[in-house]
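Q:
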Amino acid sequence: MPTTMTTNIKNNDFKDVVFNRQSVRQFDPTVKIDREELQTIIDETISAPSACNLQSWHFVVADSADGKAKAKSVLMPFNYPQIDSCSAMIFVLGDTQSHLVYRDVWNKACEEGRITPEKRDQIFKTFLPMYENASPEFLQADAMIDSSMAAMQLLLIARAHGYDANPIAGYAADKVATTFGLDAKRYVPVMAITLGKAASEPITTTRYAGTQVTEFI
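As structure tokens, then:
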């Protein structure tokens, strides 16, 4: 874990972070989050669960004027207020080729003595063939699951740092990767998240009762 982790945590109240989180569409434009803290937020985000520890996520942070202009170019107009007022927008993308460097993760774990060579080889034999022979559709779905877990964690980490956020899916998905100079066949957009400080109290939402969306079998 990064040594800077938790140094910027302003809210360590689990119940407040989780249950009082609200989406914010209008931010205080005078609030700026420096890149060091943005990187810390991402460092803490990527402790999220990951299938087979593939860590199939990639982040593009738009915090400069040019970066935010690029981000705005792929957004649907009703999301302009967020990008115009936020401190930063983070695009969370799924990496469908994360398995190509999978050996590096477990070789490092083996070198550090956290697993035995036998356990490492067992992991390689169990999981790698599944991904190396998988269809593009499987790899995309798998990467989106990993990245969705990271996106939710990012929302909570941001709140723990004292910031507000807004998850966004209203963008031209087919243009995101190329707009940021990424390989569109490799990276699939999962979510855009704006960060900053709310300009006013957000509207609280009404949720269905848990019994309406739950079945026990």
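If you count the sequence shown from 1, you need to add 7 to reach my numbering.
For each residue, glycine too, the CB sits at the ideal point set by N, CA and C.
DSSP three-state label for Pro9, please.
A: Here residue 9 is taken as the residue at index 2 of the sequence shown, counted from 1. Its pLDDT being 49, under 50, Pro9 is placed unreliably by the model, and the measurement read from it follows with that caveat. The answer is coil: DSSP assigns Pro9 none of H, G, I, E or B.
Q: Quick one, which of Leu107, Val24, Ile130, Thr103 has its alpha-carbon nearest Ala116's?
A: Within the sequence shown, the letter at position 109 stands for residue 116. When each option's Cα is compared against that of Ala116, the closest is Ile130.
Q: Just to confirm the assignment, what range does the beta strand (DSSP E) spanning Thr201 have?
A: By one-based count along the sequence shown, residue 201 stands at place 194. Residues 194–203.
Q: What is the residue span of the alpha helix (DSSP H) that Leu265 lies within?
A: Any answer about residue 265 is impossible in this case: the structure gives the chain only from 8 up to 224.
Q: Taking the alpha carbon of Leu100 as the reference point, which residue from Asp91, Ile49, Ala150 has its own alpha carbon closest?
A: Your numbering for residue 100 matches position 93 in the sequence shown. Checking every option, the nearest Cα to that of Leu100 belongs to Ala150.
Q: With contact counted as at least three CB pairs below 8 Å, one residue from each stretch, are the region 74–82 and the region 170–187 in contact?
A: Enough Cβ pairs lie closer than 8 Å, so yes.
Q: How many Å lie between Phe26 and Val112 at the Cα?
A: For the purposes of this step, residue 26 is identified with residue 19 of the sequence shown, where counting begins at 1. For the purposes of this step, residue 112 is identified with residue 105 of the sequence shown, where counting begins at 1. When rounded, the distance between both Cα atoms is 34 Å.
Q: Taking C-beta to C-beta, are Tyr170 and Gly203 nearer than 8 Å?
A: In the sequence shown, residue 170 corresponds to position 163, counting from 1. In the sequence shown, residue 203 corresponds to position 196, counting from 1. Against a cut-off of 8 Å, the Cβ pair of Gly203 and Tyr170 comes out as a contact.
Q: How about Pro209 and Ser30: are their beta carbons less than 8 Å apart?
A: Here the question's residue 209 lines up with position 202 in the sequence shown. Here the question's residue 30 lines up with position 23 in the sequence shown. Yes, the pair counts as a contact, with Cβ atoms nearer than the cut-off.
Q: For the pair the region 37–54 and the region 153–170, tell me if three or more CB-CB distances fall below 8 Å.
A: Short answer: they touch.
Q: Per DSSP, which one or two residues make a beta bridge with Asn19?
A: Position 12 of the sequence shown, counted from the start, is the residue given in the question as residue 19. Beta-bridge pairing links Asn19 to no other residue.
Q: Can you tell me the Cβ-Cβ gap for Ser105 and Gln62, rounded? I've got them flagged as a contact below 8 Å.
A: Looking up residue 105 in the sequence shown gives position 98. Looking up residue 62 in the sequence shown gives position 55. The pair is a contact, with the Cβ atoms about 6 Å apart (cut-off 8 Å).
Q: Could you tell me which whole beta strand (DSSP E) segments of length 3 or greater appear in the region 19–45?
A: Counting only runs of 3 or more, we get nothing.
Q: Could you give the first and the last residue of the continuous beta strand (DSSP E) run that contains Val67?
A: Here residue 67 corresponds to residue number 60 of the sequence shown, with the count starting at 1. Its beta strand (DSSP E) spans residues 64–69.
Q: Is Gln33 near Thr201, with beta carbons less than 8 Å apart?
A: Residue mapping note: residue 33 aligns to position 26 of the sequence shown, counting from 1. Residue mapping note: residue 201 aligns to position 194 of the sequence shown, counting from 1. Against a cut-off of 8 Å, the Cβ pair of Thr201 and Gln33 comes out as no contact.
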